[in-house]
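Protein chains in written order, with the working numbering: chain A, 70 to 276; chain B, 8 to 309; chain C, 177 to 270. The C-beta atom is built at its ideal place from N, Cα and C for all residues, glycine as well.
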Amino acid sequence: MNEQALLGLADDELVLGWRDSEWTGIAPLLEEDVAFSSIAQNEIGHARAVYSLLSDDPDALAFDRALEEYRCAPLVELHVLEWAHTIARRWLYEVADEIRITTLKDDSDPAVAGLAAKIDREEAYHRMHAEMWHERLRDEPRFEAAVEELWPYALGVLPPELRGELVSRVGLAEVEAIERGTHTEELAPLWEEMTLVRRSAPAGAQW
Amino acid sequence: MAAVEIPRDEQAFLEYVQGGGQVETTDWMPDDYRAKLIKFIEMHGNSELMGVLPEREWILRAPTLQRKLALTAKVQDEVGHAQLIYRVVEDLGKPREQCLADLVDGKAKFHNVFHYPTLSWGDVGVIAWLVDAAAIISQKALLKCSYAPYARIMKKICWEESFHILHGRDVILAMVTGTPEQFELVQEALDRWWGPLMQFHGNPIPSDEDPMYRWRIKSQGNGEARQQFLDGYVPQIWELGLTVPDPKLRKRDDGDWEFSEPDWDELKHVVTGHGPKTEERLAFRRRFLEQEQWVRDAVLAA
Amino acid sequence: MSVWEVFRRERKGQPLEHAGSVEAPDANFAEAWAREQYGRRGESVALWLVPRDAIRDVEDWADEFDLKYRRVDGYSIKARLKEARERAGTAGPG
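Below is the structure:
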């Protein structure tokens with residue numbers, strides 16, 4: 070897998086992890102709040118691990134790039150602090166990510182393949198969690214609506230050659246994907262807040 | 008050994024708990040004991056939950072991945088503590104939904120420190136280091152609570168809190184050895200938080216007038232807790248070159264700390280729901296509680 | 177929603193101990209949430225989840241007659257031992 074694609078994976082996990090951590094303290098049930106927080110932490114951890122493959126300074130990659138240099142998919146940028154959309158996104162992302170990780174496990178670079186295997190093992194729990202909620206909410210009209218709304222974005226997480234697999238797993242007809250490469254309006258305010266403290270001190274300051 | 012039968016008489020029960028006796032969920036207990044217990048433990052649960060909000064915004068702004076992970080884990084623990092605590096309250100007879108409803112309606116209390124704003128990354132360090140330290144002193148004393156289910160969860164809570172203080176101190180140390188501006192950020196935060204910290208353990212009531220102490224729900228007086236806090240943490244503050252905004256603060260020859268009388272009016276004003284951030288935070292909670300009622304309904308429809 | 181009691185084993189070789197409870201709509205949610213509350217820090221090697229309804233609580237015991245004969249505290253041998261030693265001449269000084 071090439072560096073740009075790896076950066077895309079890392080940025081997806083960073084931004085989704087950041088979005089998921091917005092639920093800290095305000096999830097619908099306390100038990101779920103705790104569980105969801107672990108998922109957010111794992112995602113940040115995955116981002117950090119992939120950044121570490123690409124650079125000696127993972128924090129610099131995470132925080133110090135210009136907005137246009139981030140390679141995340143539009144799906145993860147969306148600000149959806151509402152449970153139906155949050156679970157819809159989690160579920161769609163997990164299905165897409167599993168497809169992506171599976172190909173990464175066969176990567177010619179052993180460091181990449183090894184890391185993909187580790188991520189895959191941790192993701193098993195995320196998938197179980199997403200499936201559990203999907204089962205529970207699938208008959209709720211607002212959940213079905215959220216999945217349909219986010220579907221074009223979900224397709225954009227994967228390169229075109231992998232989308233067929235996503236279509237068959239999710240069971241929705243393929244539509245025009247919202248492609249990776251352009252950012253939504255939501256990324257800029259996220260980036261502002263994410264880097265607020267970091268930018269308050271000179272580059273290289275310790276925290 | 009014959010099983011201990013808890014006497015169904017308030018005076019005998021009082022002697023039982025004052026003699027170190029432990030009470031389980033299904034034991035007989037005086038109505039007053041149960042009522043005081045629920046109120047005390049509920050306030051603790053509310054505090055853990057409300058404590059999340061001042062820290063939550065800084066999770067989103069954490070300046071390194073490690074700090075973001077650590078802060079997320081710390082706050083996660085606090086939500087977890089709320090879960091443990093509300094389960095105990097529920098088994099005593101007050102459902103969690105009722106506790107949460109009372110909280111957002113402003114009918115229930117939570118600790119003073121969570122009514123104040125957090126203004127900088129310096130606050131993040133001060134809270135994790137010193138607010139958590141003040142809390143853990145109370146929590147360690149609660150390990151001896153006469154009500155056993157609560158004492159047992161305190162064990163788990165204290166175990167989890169141990170990393171919070173270390174994380175807080177690490178955040179502070181990074182800043183006080185960083186740029187002059189970072190040092191100032193810490194000092195400024197400390198100047199703002201000192202008042203609430205000194206009020207945290209509550210005004211000193213003589214033990215025999217404190218119903219929580221009589222029932223051995225609390226095993227430590229407020230004044231004693233405060234002294235422990237000062238003894239443990241003022242030296243840690245001073246050794247970093249930070250100052251405490253109280254000119255009267257000093258350790259006497261007899262080992263006790265002298266300090267300016269905390270503002271008890273401010274404490275009362277704040278915990279009765281008039282803190283600078285009280286309304287905003289309760290409204291934030293209320294908004295999400297209402298927004299997600301449908302989720303709880305969907306989940307309940309087993 | 178029902179309550180599930182959680183038992184945890186900290187390390188191999190340790191007994192399962194009651195750790196607390198979670199409220200959940202079904203076994204899957206109970207598992208997911210109990211894993212978090214009682215295992216996210218690697219503090220448990222095993223969990224048992226039991227619906228509270230499945231637990232039979234036993235707390236009352238009859239102890240009407242003196243059954244000390246079958247417990248250690250039912251035996252006080254000090255005085256007789258002293259007498260026996262004196263008789264055998266094996267009693268120590270004092």
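Kindly list the residues whose CB is nearer than 6 Å to the CB of residue i, restricted to its own chain and excluding five residues on each side of it in sequence; keep chain order.
i      : result
M8/B   : At M8/B, the pLDDT of 39 sits below 50, so the modelled position is not reliable; the number obtained from the coordinates is stated separately. Cβ within range, chain order: n/a, list empty.
K101/B : I45
A10/B  : Unreliable placement is indicated for A10/B, whose pLDDT of 49 sits below 50; no coordinate value is reported for it.
E254/A : none
Q206/B : N119, P269, L274
V226/A : A142, L144, A165
K163/B : none
L126/B : none
A230/C : none
Of the choices the options, whose alpha-carbon is the least far from that of residue i?
i      : options                        : result
D109/B : L173/B, N53/B, Q298/B, G185/B  : N53/B
A141/B : H208/B, G87/B, E97/B, V82/B    : H208/B
P143/A : D125/A, E163/A, S106/A, T251/A : T251/A
W65/B  : V131/B, E97/B, F117/B, V302/B  : V131/B
H51/B  : Y40/B, L91/B, T184/B, R233/B   : L91/B
G240/A : R207/A, R267/A, W152/A         : R207/A
R228/C : R263/C, T266/C, V198/C         : V198/C
S124/A : A214/A, E72/A, R211/A, F212/A  : E72/A
L107/B : L99/A, E262/A, A274/A          : L99/A
T5/B   : I48/B, I13/B, V251/B           : A query on residue 5/B cannot be resolved here, the shown segment of chain B reaching from 8 to 309 and no further.
S214/B : L204/B, G202/B, W200/B, N229/B : N229/B
E137/A : A257/A, A274/A, E262/A, P271/A : A257/A
Hey, is residue i's beta-carbon within less than 7 Å of any beta-carbon in chain F?
i     : result
G87/B : This model lacks chain F altogether; the protein chains it does include are A, B and C.
Using a Cβ cut-off of 7 Å, pull out every chain A residue sitting near residue i, in sequence order please.
i      : result
V302/B : P97, W152
F205/C : M201
List the residues of chain C that residue i touches, going by C-beta distances under 7 Å, in chain order.
i      : result
H198/A : A208
Q90/B  : Q213
Just to make sure I have the definition right: I need the residues of chain C whose C-beta is within less than 8 Å of the C-beta of residue i. Which are they?
i      : result
S237/A : Correct list: empty, because the minimum Cβ distance to chain C is about 25 Å.
S107/A : E212, R216
L307/B : M177, P201
Please list, in chain order, all residues of the same chain as residue i whose beta carbon is under 8 Å from its beta carbon, the five residues on each side excluded.
i      : result
E219/C : R184, E186
H195/A : I108, N111, R159, E163
G355/B : For residue 355/B there is no data in the structure shown, the boundaries of chain B being 8 and 309.
R41/B  : L99, G100
V221/C : R185, E186, R187, K188
A214/A : A153
R68/B  : W128
E265/B : K255, L256, R257, K258, R259
Identify the contact partners of residue i in chain C, using a Cβ-Cβ distance below 9 Å as the criterion.
i      : result
V103/A : W209, E212, Q213, R216
R94/B  : V179, G196, S197, V198, E199
Which chain B residues are close to residue i, counting only those with a beta carbon under 7 Å from its beta carbon?
i      : result
E235/C : T33
R205/A : A305, V306
Cutting at 7 Å between CB atoms, please list the residues of its own chain near residue i, excluding the five before and the five after it.
i      : result
A116/A : A79, E82, L83, G86, A131
D139/B : E168, H171, I172, G175
A180/A : L122
K174/A : A182, A185, A186, D189
H194/C : E181, F183
I144/B : A232, Q235, F236
E91/A  : L150
Which chain A residues sit within Cβ distance under 9 Å of residue i?
i      : result
L99/B  : Near L99/B there are no residues of chain A at all, since even the closest Cβ is about 17 Å away, more than 9 Å.
Q105/B : Here the premise fails: no neighbours, minimum Cβ distance about 14 Å.
Which residues of chain B have a Cβ atom closer than 8 Å to the Cβ of residue i, listed in chain order?
i      : result
T93/A  : V59, R63, I66, T79, V82, Q83, V86
E100/A : Q90
Listing by chain order, which chain B residues have their CB less than 9 Å from the CB of residue i?
i      : result
G114/A : L72, L76
R159/A : Result: empty, since nearest Cβ-Cβ is about 14 Å, beyond 9 Å.
Subject >> Cβ pair count under 8 Å reaching 3, the stretch 234-253 of chain C against the stretch 212-221 of chain C >> reply: Segments in contact, no.
Subject >> Contacting positions in the stretch 187-214 of chain B - beta carbon closer than 9 Å to chain A >> reply: Within the stretch 187-214 of chain B, the residues whose Cβ lies closer than 9 Å to some Cβ of chain A are E188, Q189, L192, listed in chain order.
Original post:
What are the residues of the stretch 178-198 of chain C that lie near chain B, defined by any Cβ-Cβ distance shorter than 7 Å?
Top reply: Taken in chain order, the members of the stretch 178-198 of chain C whose beta-carbon sits within less than 7 Å of a beta-carbon on chain B are G196, S197.
**OP:** Specify whether the stretch 179-192 of chain A and the stretch 159-170 of chain A touch according to this definition: at least 3 beta carbon pairs, one from each stretch, less than 8 Å apart.
**Re:** The stretch 179-192 of chain A vs the stretch 159-170 of chain A: in contact.
Original post:
Using a Cβ cut-off of 7 Å, which residues of the stretch 159-191 of chain B contact any Cβ in chain C, in chain order?
Top reply: So the close ones are I160.
Original post:
Per the contact definition of three or more C-beta pairs closer than 8 Å, is the stretch 197-207 of chain A in contact with the stretch 133-147 of chain A?
Top reply: Contact between the stretch 133-147 of chain A and the stretch 197-207 of chain A is absent, because fewer than three Cβ pairs lie under 8 Å.
Original post:
Any chance the stretch 192-212 of chain B sits against the stretch 255-272 of chain B, with 3 or more Cβ pairs inside 8 Å?
Top reply: Three or more pairs of CB atoms, one per stretch, sit closer than 8 Å, so the stretch 192-212 of chain B contacts the stretch 255-272 of chain B.
Original post:
At a cut of 8 Å, does the stretch 255-267 of chain A reach the stretch 181-195 of chain B through at least three beta carbon pairs?
Top reply: The answer is no - the stretch 181-195 of chain B does not touch the stretch 255-267 of chain A, with fewer than three Cβ pairs under 8 Å.
Original post:
Should the stretch 55-63 of chain B be regarded as contacting the stretch 76-83 of chain B, the criterion being three or more beta carbon pairs within less than 8 Å?
Top reply: Using a Cβ-Cβ distance cut-off of 8 Å, the stretch 55-63 of chain B and the stretch 76-83 of chain B are in contact, since at least three pairs of beta carbons, one from each stretch, lie closer than that value.
Subject >> Three or more C-beta pairs below 8 Å linking the stretch 297-305 of chain B and the stretch 142-158 of chain B >> reply: Contact fails: fewer than three Cβ-Cβ distances are below 8 Å.
**OP:** Inspect the CB distances between the stretch 211-228 of chain B and the stretch 29-44 of chain B and report whether three or more fall short of 8 Å.
**Re:** Taking a contact to require three or more Cβ pairs closer than 8 Å, the stretch 211-228 of chain B and the stretch 29-44 of chain B qualify as touching.
Subject >> Contact residues within the stretch 120-148 of chain A, judged by C-beta distance below 9 Å to chain B >> reply: Per Cβ criterion, the list reads Y120, P127, D128, A131, F132.
Original post:
Using a beta-carbon distance cut-off of less than 9 Å, what residues from the stretch 261-275 of chain A approach chain B?
Top reply: Cβ contacts with chain B come from E262, M263, T264, L265, V266, R267, R268, S269, A270, P271, A274, Q275.
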